[in-house]
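Here is the structure we will look at, set down as structure tokens.
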Amino acid sequence: NLARLANAGFAVPDFFVISTKAYAAKPAAEKKSFLACLNENLDSITATKDDVFAVRSSATFEDAARQSFAGQLDSFLWLKSADDILKAVQKVWASADEKHVDLYIGGSTNAPSYRVGVIVQRMIAARFSGVIFTEHPVNHDPDVMLLEIVQGGCENLVGGKTTPAHIRINKSDFSLHVDSPPPFAVGEFIKDVDNIRMLTSLAIRVQKLFSTPQDIEWAYDGGFWLLQSRPITTLVSQQARIHVDRNNTEWTDYFFAERFTEPVSPLGWTFLKPVIAKNAFYAPLWFLGFEEEFKRNKILTTFDGIPHARLSAFQRLYSIIPPGFISVDKKQALRLEHDFSFRRLLKSAPFILFRLLFNNMQWLPLYNLYRWKDFSRSLEQRLARMRQKCAIDDFDANVRFIQDMQALSDEFLAIHSWSITFADIFFSLLKRLVLAIDADSIDAVDTLLSGLPGNETVQANIDLYTCHVAEKASLQKFLTKYGHRAKSLDIASPTWKEHPDMLKKVAAMLAKSKISPLESFRKSGEAREETERRLASKIRLIPFPLNILLVAIFKRILYFARQFMLLRENQRNAWHKILANAREACLRMGARLQKKGRIAADDDIFYFHLNEIKTLAAGQGAAVAKAKSRKTAAQSAVLAESETNYTKAKKLLGLGVSRGKVKGRARICKTYQDVLQAESGDILVVPSADPAWSPVFNLVAGMIMETGGVLSHASIVAREFHLPTVTNIKNATKMLHDGDQLEIDGAAGFVAVLS
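Letter 707 of the sequence shown, counting from 1, is numbered 691 in the numbering used here, and no numbers are missing.
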């Protein structure tokens, strides 16, 4: 965290780290070479001969979102010589073996394996010091910061030896409430409004950097220094749902929950499961050399109709990626508590080299973009040729057609699985580069990637808004272009073309919007161009020739970030074309089975697996009863979940994914039909939101989602429409109720129930 603060331009006292490798080889610390290395590094952070140093623990399990380990390991201050520092390092290592640490771990985590790094840091001769919580850690008030100040260094405060001055700061107007009269010197420090404003502004910037409320330790010697920043562990962010089966295997709905807000149909899962398992899990695990352990076990399953993946598969996939390149929401949801290991990377290197580099060119971003453009350009023609070959009245021909659509989905996902990875990578690179250019531009990345020409979801909203859907010709034109879209990836979901009346209702809702999709898109574009110009002017201030190099790097990374962000959205449109064709073939088969009396309605076919459908066509199986039974089971699962009682909360912490602070009335929406009942100024509370829901985003005031990350489809579209949005609020649709008066902060990730 200190390194991230320093790299983002914050004032952090100079330090170096004795790594976890040294902890693993503790006897080496007795050698003269270790002491010589220590002296050499001390020289690099020494400013004057009077400098003194701190030795601080930095174990792999400290300062996590769920526990801080504050005070569990020893720290040593005011050290002058390398000999003293070496002794202190050994004592820090030894403190990790104390009994109270084992007890803390046993009560707080799943007892992870841990190693202890040590920070050696130049000490600040502080006139004042303290801690500041960017959200109140006790009553969870998102509008109030809690500041504690003592005179002198912070060790007396964090060690509990000095009673600090407690000050509550109102974020909106910087007004102060001092809980008890402070000592004279501290009182004088507080009276200087500039001190409080500067410290508060600093804390808000730190929270934005880490994307979650922070507990920040600081010191003041005429200027502010940051000594530590960690998540406020009393505010535990909501996680993705983890299901533990009877074999104690952990399964997660991460990735799936935002795509399937309702139980997936048996036929839909038959269609999707093999292509998702292959491209999202088996293929990348094979490339990394991790496939053996998953060959013997299934990697995907469903619980109450919602797809889940084996948690350990996700953890394996991300195990060789440095945590700094993984988003906060993903790390929390998938419990990614690993530290980066070159040994782990080297172990996978031969597999990456021979299986990936020599067998698959998709790892090249430009080639991936070429493959996507080639695929999307030829898709309509390929679909038309496949439809011509399929005899509508031939049952077996329709089965083969569905299998062709499955193969086409497999080809599509082989391309798209890489584009998702590249979107994450270039988003992280762009964020780091922007912060390096301007430490105050923490929110600039979202702006740089919004309002991009060619976003098909945004264009669909603009077209729906501008066309007069009441006129038959205009509606038909819109359906020709977008009629293949549906609310879900499940082929059981009806397409827009099947429900033109619903589109009229959506268009009417769009007409009520305070700002049109076209105007919203224009504003995003203007903000994007202005941000790009501002960053370019910052780069020009950097000395030549570094500024020339930085311009080239910035343009390249920005280009790829934008291309893959667009692709992340536009791929959905292409896949829906494939799924819509598969659905039509299924309904044709369903109509034939209905005509023969095998099923009660043509769409009952979606309650059977593909191999069962072949059996039904042969005149075997209790079809009507089985379809009815499975329908009832799916409805019961939804009903049981909705009737589960949850504690009604006043404050909820999630992940802010689209900036803005708004108040409004809660509108609980489990389905797309619920969303269509929303009114102007409502705050949608949803399990997740499909891009198909985006026409409503111009009407409502804000949105709360149970699942979804910074780069989820719904989050990206919410930013496009400037809709304040908080995600990762588990069970929000049960803890909140229709009519609740809410306030949400789309930057900080807080939800408050006002009444």
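Note that beta-carbon positions come from the ideal geometry of N, C-alpha and C, so glycine has one too.
Values in this document were obtained by computation on a predicted structure and should not be read as measured data.
My output table needs one value for residue i: the three-state DSSP class, helix, strand or coil.
i	result
Lys647	strand
Ser42	strand
Phe590	helix
His697	helix
Met345	helix
Met129	strand
Ser113	strand
Gly101	strand
Val(-4)	coil
Arg361	helix
Ser221	For Ser221, the predicted model reports a pLDDT of 45, less than 50, meaning its position is unreliable; a value from the coordinates is still stated below. Correct three-state label for Ser221: coil.
Ile652	strand
Arg582	coil
Ile2	strand
Gln661	coil
Gly723	coil
Thr628	For Thr628, the pLDDT reaches just 49, beneath the cut-off of 50, and the residue's location in the model is therefore unreliable, although a value from the coordinates is still provided. Residue state, collapsed to three classes: coil.
Who pairs with residue i in a beta bridge, going by DSSP?
i	result
Met687	Leu668 and Thr709
Leu636	Val735
Gln212	Glu201
Trp235	His227 and Arg294
Leu162	What sits at residue 162 in the sequence shown is Val, not Leu. Val162 pairs with Ile151.
Thr479	Ala470
Leu741	Residue 741 is absent from the structure shown; the chain starts at -15 and stops at 739.
Ile728	Val646 and Val735
Val134	Ser113
Arg106	Phe37
Identify which residue in the options has its Cα closest to the Cα of residue i.
i	options	result
Ser699	Gln365, Phe(-1) and Met549	Met549
Thr655	Thr245, Pro334 and Arg189	Thr245
Ala398	Leu502, Tyr266, Ala317 and Gln443	Tyr266
Gly437	Glu553, Trp347, Leu350 and Thr450	For clarity, residue 437 is Pro in the given sequence; the question names Gly instead. Of the candidates Glu553, Trp347, Leu350 and Thr450, the one whose C-alpha sits nearest the C-alpha of Pro437 is Glu553.
Asn445	Glu704, Trp77 and Ala536	Glu704
Arg243	Leu340, Ser477, Leu70 and Phe168	Ser477
Arg181	Ile116, Phe194 and Asn382	Ile116
Ala492	Thr285, Ala662 and Asn(-15)	Ala662
Val535	Gln547, Phe544, Lys522 and Arg369	Lys522
Ala545	Leu433, Leu284 and Val228	Leu433
Leu301	Ala203, Thr285, Leu251 and Thr405	Thr405
Phe592	Asp674, Gly638, Phe342 and Val248	Val248
Lys471	Leu318, Glu513 and Leu563	Leu563
Leu295	Arg225, Thr30, Lys481 and Arg280	Arg225
Pro258	Asp127, Ala381, Asp394 and Met129	Asp394
Ala585	Met573, Phe240, Leu594 and Glu596	Met573
Gly665	Ile499, Leu131, Ile336 and Gln346	Ile499
Thr515	Ser504, Leu542 and Leu533	Leu542
Please classify residue i as buried or exposed, where buried requires at least 16 other C-beta atoms within 10 Å of its C-beta.
i	result
Asn263	buried
Asp178	exposed
Glu690	buried
Asp199	buried
Gln725	exposed
Asn94	The predicted model places Asn94 with a pLDDT of 39, which falls under 50 and marks its position as unreliable; any figure quoted below should be read in that light. Exposed: under 16 other Cβ atoms inside 10 Å.
Tyr466	buried
Gln212	buried
Arg214	buried
Ile153	buried
Lys496	exposed
Ile421	buried
Ser739	exposed
Asp237	buried
His721	exposed
Tyr351	exposed
Asn281	exposed
Of all the beta strand (DSSP E) runs that stay within the bounds of the segment 243 to 324, which reach a length of 3 or more residues? Taking only runs of at least 3 residues, the beta strand (DSSP E) segments lying wholly in the segment 243 to 324 are 284 to 287 and 290 to 294.
- Query: Residue ranges of each alpha helix (DSSP H) run of no fewer than 4 residues wholly in the segment 481 to 540, ordered along the chain?
  - Reply: The qualifying runs are 484 to 495 and 501 to 524.
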